[in-house]
Structure formats: C-alpha cells, structure tokens
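**Q** Numbering (the numbering used here), first residue to last: -6 to 593.
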C-alpha cells in the first residue's frame, strides 16, 4: 500500500500531495489567525468607537433632556407662583373693599359709589379687567369694565349660600383670573357677590423677565365661529390668545402645529429647527386634568445646546478614528509572532486527545527562560507540556477507576452481592442467547419473613449485620456459575442458568430454607429468620424479563400465603390467584424494569 500509484515508484515527495498541500496552505493563509485578528480587531475597534460615540451622544441628549425637564418643572413652579401671587393680590384688594369702617363689610350701594369713583385708578394700578356686583334678588349685575364672563343666578346663589371665595381662570379673547366672593353687609341688610377679574398679561411678562423664555396662552378647542385667522393654529384647532415676542414666534408655532396634527395628550414636548435656530416647545394645561381647556405654551431657544452636541460628536469622531488606526497598528505588530506559537500549540492539542503524547511534546517547545519572565504564550507552552504529562498519568488512573466503578455499579454495597442491575443484565443476556432454549434455567425470588420486626426491635444496624450473614449463607450453598443478588431491602434473587429438572431446584430451595433458618448470633442476640421463595422455570414459565419477574413474585407471594418458611414453584394453577398480589407485584416488577432501563 506504500505506492498506490501516487509516488511514481520513487522515494521523493509525492507531487500531487505537494500541490494539494500548497493550495491548502495558501488558502489557510487567508484564514490564518493573523488575518482574522487584524480584521476582527478592526471591526471590534470600529464597533466600540461607534458604541462610545452613540453612548456619548445619548449621554449628551440625556443631559439636555434632564435640563429640559428641570426647566419644565421650574417653569411650572414659576407659573404656579405667579398665579398664586396674583390671587393673593386680588385677596388683598377685596379685603380693602369689604373691610369697611369698624371692620364691617359695607352694603352694595356703598361699593357701587366707591367703584364709580375709583374704577379707572383700580384698572390702571391693579391691572383689573372688570368688577361686578351681584345681588341676591337676581337683578342684573352692576359692571365696571368688560361685561363678559358673568355669573348665572344659580352660581350667585351658590356662592352666597356657601360663603366661599372662589378663584377661576377664564380664557376667551383674553385670559383673566377671576376671584368671586360672597359678602354679607355689616348691618345684615343684604347678601351680595363681588367678582374681580384681572388679566394674566402682567404674569406672562413677569415670567418672561424672570426666566428669559417666551410664554403664551393657547385657547381651548375652538368651533369654526370662534377662530381668528391671524392667531389660529390649524393643526391643533386652537388660537393664540397671548404670546410674548409674538411677531418672532408666531410663525414658529404655525409650523409646529402644521407638523403635529393633533395636540398630544396634556403635554407636548419637542425640538424644532426654525431658520438657523433650534427651539423647544412645551405645553401644559392651565387647569390640571383638563386636556381640552386652555394651555400654556413655553418656547425656549436651545440653539447653543444643540450646536454644542453636534461639535462634541464631530470632535469625538475624529479622535475615535485616530485612536482606532493607532490601536490596530500596535495590536498587529505585537501579536504577529506569538500567533505562530499559538498555531503550533493548536496542532498539538488534538494529539493529546488521541493519546499521542510524544508527538505533542515535539510540537510544544520548552520555554528556556525564568518563570518570572513568562508571558501568556510562555505560560501556554509550559502548561501544555505539564498537561501532556498529567494526561498520561490520568489515563492510567482512569483505567483503574473505571474498573472499580463498574464493580460498584453492579454490586450491592452492604452485602457485596450482585445488585439488581447485575441480575437484570444477566437475565437479559441469558434470554437473548440460545442458552435458555438448550437447558432449563431457574429464578428463585426470595423474601425474608417478618424482617421488619428485626429492624424495629434491634435497630437497622443489627438488621444490616443479619443481612450480611444471610447473604454469605446463600452464596455458600449455590454452585459456581449460579448468581446470588440482593434486589434491595430484604429481597434476594438466585439465578441458576441450568438445572436438572424441577427436582433439582426443589432440593436447592429446601437447602436454602434450611441454611437460612439456622440460628444467627448478632451481638448478644440469637435470631432465627425464615424465607419465602418463589421459583420460575425458564423458558417454561416465561421468555421475557417482565413475565419471569412477575410470575416469580406470584409464586413467592403464594409461598407466604401458605404459611411462610416455604417455597413455591410457579404453575398455571397459580394464575387464578394473581389478583391477590397485583398491587405488590406491579411495584416489584416496575422497580426491576426501571432499574434495567436506567442502566440502559
């Protein structure tokens, strides 16, 4: 077979193999670890750079968003504070009206005269839009200023009855803060209601001066008849009631409303480019929970923050590109030579798994330097040689331990007899061979009578000692080639692969009954134990493992039924009483079969 028509009859290298190997070597260079390390490292570095760029971008966006949220909360608190301050101012003003001489409230006629005289002063000094006086007798109210937003008679009556001061914000053509309070004249001559309306224009200007951000008010959802063309935002179905820097920001709001067809929920947040600038637009309701009502709109110029993020990303990208090129060059230069050593080690590892330890030692070069100067590749070579030596030793140890484990797996640890797995395996081998057709074999299913009493009276330790003694007696009374096994607990099995008829098996059964019935001294106690034996002939009484074990159990159970210390050879007549032991027999047979399945 040395020639095979490929060597040309000479002793030189085979040409075909050389050309094939050259092609394989060339292809391997393209798939070599050096190429893979370079390509994968480049891809990894690029991926990492992109990841950190995106992470940094996300971080900057997150910081910007947190800043926006912080400003948003500050704006809410600021607006809430301005409205609260306005409400307190209105309360102070109404206190001046109602706390008349002696701290008693005047009647409505006195307030009427006072408002007639001081209305222009109150309008200009306090920014009032209107004053209204309502009587309890449903007469038309007396009005100074705008006559809109009047109370109904039912509302007037409700305020008088409750005696509460109520504050509300109304928005129509303008937005006003309205304070309504019921008053009882000091002389108890009448009850009436005072309504003070104040425009929110001053609060919007104050907000602009404090925060530097522009603010406006959007109307509630409008019907067609209420729309104003110069202030209407078609996408949202609302009009701009008031807005700081109206001329500059009104086009921006129109564009935002055109991009967003519907007003999203109660709060709208987004950044928009308009011209060369970027703006944040945020809205929230004047009254919490009223999505269809009037809305505050806050507009922030965030151009500086957006440009800062863009410049940061550009700078980070150039640094990432420069760092990637430097890293790849350094990595390839550092790993080029060690990769050759890794390749030799990779060729040696399959030899270790095949047990070719000498060939592996030739590929792994010994490291000739102090261990303190080892690098990772040196450690791999040194470890490879050590593993080679250890695997040789371990191979010998494994062979020894395997033999010991096989013995443990097939023998009972208490008595040293064959265990259930061993006897089932022996029976299956016997049934699958032709031996059971050439001669008759017998299975003796043995159960100790009343063994539980021994355990209960003397303890499990003495019970174990008794089992060991009985096991030796059983072994000493069978032939070489017969098998004695402990199935578990107080159950044993004897397999006789060939016997000279039923008489021979009866002799063996009586012999076993007699030898076990002899007294046994365990410690200071002398014990007598008897057996119940069920006997099955193979193949007469069964040719499958399940049938044999089942019928042996039936026979043993019948022996116990006849008074114990007895044996019973299975016969067809016993089939009629199998129902007496159905539950117990199924447990025994299932246990034996399961043990065999687990072994398989």
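Using N, Cα and C, we set each Cβ at its ideal position, and we do this for glycine too.
1) Would you check if the distance between the CB atom of residue 245 and the CB atom of residue 267 is smaller than 8 Å?
2) Rounded to whole angstroms, what is the Cα-Cα separation between residue 53 and residue 63?
3) Give the DSSP-derived three-state secondary structure of residue 403 in the structure shown.
4) For residue 79, I'd like the list of residues in its chain whose CB is within less than 7 Å of its CB, leaving aside the five on either flank, ordered along the chain.
5) Over what stretch of residues does the beta strand (DSSP E) that includes residue 514 continue unbroken?
6) Output the distance between the C-alpha atoms of residue 536 and residue 377, rounded to the nearest integer angstrom.
7) For the alpha helix (DSSP H) containing residue 445, name the first residue and the last one.
8) Can residue 436 and residue 541 be called in contact, C-beta distance under 8 Å?
9) In whole angstroms, what is the alpha-carbon distance linking residue 510 and residue 522?
10) In terms of DSSP beta bridges, what is residue 327 paired with?
11) Rounded to a whole number of angstroms, what is the C-alpha to C-alpha distance between residue 434 and residue 494?
12) Between the alpha carbons of residue 218 and residue 142, how many angstroms are there, rounded?
13) Is it the case that the stretch 448 to 462 contacts the stretch 373 to 392, given that we only count it when at least three CB pairs across the two stretches are under 8 Å?
14) Ends of the alpha helix (DSSP H) at residue 201?
15) My output table needs one value for residue 4: the three-state DSSP class, helix, strand or coil.
16) Using only the alpha-carbon positions, how far apart do residue 257 and residue 271 sit?
17) Can the beta-carbon of residue 362 be found closer than 8 Å to that of residue 374?
18) Tell me whether residue 561 is buried or exposed, calling it buried when 16 or more other Cβ atoms sit within 10 Å of its Cβ.
19) What are the start and end residues of each continuous alpha helix (DSSP H) run of 4 or more residues lying completely inside the stretch 483 to 545, in chain order?
20) Hey, residue 516 and residue 455: beta-carbon distance below 8 Å or not?
21) Can you say whether residue 238 is buried or exposed, counting buried as having 16 or more other CB atoms within 10 angstroms of its CB?
22) So, helix, strand or coil for residue 292, using DSSP?
23) According to DSSP, is residue 593 part of a helix, a strand, or is it coil?
24) Buried or exposed: where does residue 188 fall if 16 or more other Cβ atoms within 10 Å of its Cβ makes it buried?
25) With a cut-off of 8 Å on the beta carbons, I'd call residue 124 and residue 112 a contact; round off their distance for me.
26) Measuring alpha carbon to alpha carbon, tell me which residue in 233, 473 and 423 is nearest residue 165.
27) Quick check for students: name the residue ranges of the beta strand (DSSP E) that lie wholly in the stretch 96 to 152, counting only runs of 3 or more.
28) Just confirm the distance between the C-beta atoms of residue 321 and residue 34, as a whole number of angstroms; I'd bet it's less than 8 Å.
29) Output the boundary residues of the beta strand (DSSP E) element that contains residue 160.
30) Taking the beta carbon of residue 226 as the centre, do at least 16 other beta carbons fall within 10 Å, making it buried, or is it exposed?
31) For the beta strand (DSSP E) holding residue 235, just list the boundary residues, first then last.
32) Within this structure, are the beta carbons of residue 91 and residue 144 separated by less than 8 Å?
33) Apart from the five residues on each side of it in sequence, which residues of its chain come closer than 8 Å, Cβ to Cβ, to residue 45?
34) One question on the structure: do residue 122 and residue 139 come within less than 8 Å of each other, judged by their Cβ atoms?
35) Tell me which residue opens and which closes the beta strand (DSSP E) that residue 275 is part of.
36) Give the DSSP-derived three-state secondary structure of residue 367 in the structure shown.
**A** Judging by the given coordinates:
1) Taking the first residue of the chain shown as position 1, residue 245 is located at position 252. Taking the first residue of the chain shown as position 1, residue 267 is located at position 274. Their beta carbons are under 8 Å apart, which means residue 245 touches residue 267 by this criterion.
2) Counting from one through the chain shown, the residue named residue 53 turns up at place 60. Counting from one through the chain shown, the residue named residue 63 turns up at place 70. Going by the C-alpha atoms only, they are around 15 Å apart.
3) Looking up residue 403 in the chain shown gives position 410. Reduced to three states, the DSSP call for residue 403 is coil.
4) Along the chain shown, read from residue 1 onward, the residue named residue 79 stands at position 86. Here the set comprises 170, 191 and 196.
5) As a working note, residue 514 is residue 521 in the chain shown. First-last of the beta strand (DSSP E) with residue 514: 513 to 515.
6) Stepping through the chain shown from its first residue, residue 536 is reached at position 543. Stepping through the chain shown from its first residue, residue 377 is reached at position 384. Distance between the alpha carbons of residue 536 and residue 377: 56 Å.
7) Walking along the chain shown from the start, residue 445 turns up at place 452. Start and end: 444 to 451.
8) Here residue 436 refers to the residue found at position 443 when the chain shown is read from its first residue. Here residue 541 refers to the residue found at position 548 when the chain shown is read from its first residue. Against a cut-off of 8 Å, the Cβ pair of residue 541 and residue 436 comes out as a contact.
9) Residue 510 sits at position 517 when you count from the first residue of the chain shown. Residue 522 sits at position 529 when you count from the first residue of the chain shown. Each residue's Cα considered, the two are about 5 Å apart.
10) Start at 1 with the first residue of the chain shown, and residue 327 comes out as number 334. For residue 327, which the question treats as bridged, DSSP gives no partner whatsoever.
11) Residue 434 sits at position 441 when you count from the first residue of the chain shown. Residue 494 sits at position 501 when you count from the first residue of the chain shown. For residue 434 and residue 494, the distance between alpha carbons rounds to 9 Å.
12) Mapped onto the chain shown, residue 218 falls at position 225. Mapped onto the chain shown, residue 142 falls at position 149. In this predicted model, residue 218 has a pLDDT of only 43, less than 50, meaning its place in the structure is not dependable enough to derive any value.
13) no
14) As a position in the chain shown, residue 201 is number 208, starting the count at 1. Counting along the chain, the alpha helix (DSSP H) containing residue 201 begins and ends at 194 to 204.
15) One-based indexing of the chain shown puts residue 4 at position 11. Caution applies to residue 4, whose pLDDT of 39 falls short of 50 and renders its modelled position unreliable; the value that the coordinates give is listed next. Residue 4: coil per DSSP, three-state reduction.
16) Within the chain shown, numbered from 1, the residue matching residue 257 stands at position 264. Within the chain shown, numbered from 1, the residue matching residue 271 stands at position 278. With a pLDDT of only 49 at residue 257, under 50, the local geometry of the prediction cannot be trusted, and no value is derived from it.
17) Residue mapping note: residue 362 aligns to position 369 of the chain shown, counting from 1. Residue mapping note: residue 374 aligns to position 381 of the chain shown, counting from 1. It is not a contact, given that the beta carbons lie outside the stated cut-off.
18) The sequence position of residue 561 within the chain shown is 568, counting from 1. Under this definition residue 561 is a buried residue.
19) 494 to 510
20) If you number the chain shown from 1, residue 516 lands on position 523. If you number the chain shown from 1, residue 455 lands on position 462. In contact: residue 516 and residue 455 (Cβ atoms closer than 8 Å).
21) Against the chain shown, residue 238 aligns to sequence position 245. That one is exposed.
22) The sequence position of residue 292 within the chain shown is 299, counting from 1. Three-state result, residue 292: strand.
23) Taking the first residue of the chain shown as 1, we reach residue 593 at position 600. Model confidence at residue 593 stands at a pLDDT of 34, short of 50, so the residue's coordinates are unreliable and nothing is read from them.
24) Locating residue 188 in the chain shown gives position 195, where the first residue counts as 1. Buried: at least 16 other Cβ atoms inside 10 Å.
25) Position 131 of the chain shown, counted from the first residue, corresponds to residue 124. Position 119 of the chain shown, counted from the first residue, corresponds to residue 112. Contact holds; Cβ gap of about 7 Å.
26) Taking the first residue of the chain shown as 1, we reach residue 165 at position 172. It is 233.
27) 121 to 128 and 135 to 138
28) Here residue 321 refers to the residue found at position 328 of the chain shown. Here residue 34 refers to the residue found at position 41 of the chain shown. Residue 321 to residue 34, Cβ: 6 Å. Contact.
29) As a working note, residue 160 is residue 167 in the chain shown. 158 to 164 is the extent of the beta strand (DSSP E) around residue 160.
30) For the purposes of this step, residue 226 is identified with residue 233 of the chain shown, where counting begins at 1. Residue 226 comes out buried.
31) Translated into the one-based positions of the chain shown, residue 235 becomes position 242. Counting along the chain, the beta strand (DSSP E) containing residue 235 begins and ends at 231 to 236.
32) Along the chain shown, one-based indexing puts residue 91 at 98. Along the chain shown, one-based indexing puts residue 144 at 151. For residue 91 and residue 144, no; Cβs fall outside 8 Å.
33) Here residue 45 is taken as the residue at index 52 of the chain shown, counted from 1. Cβ within range, chain order: 309 and 313.
34) In the chain shown, residue 122 corresponds to position 129, counting from 1. In the chain shown, residue 139 corresponds to position 146, counting from 1. Yes, the pair counts as a contact, with Cβ atoms nearer than the cut-off.
35) On the chain shown, residue 275 is found 282 positions in, with the first residue counted as 1. Start and end: 270 to 278.
36) Here residue 367 is taken as the residue at index 374 of the chain shown, counted from 1. Here residue 367 sits in coil by DSSP.
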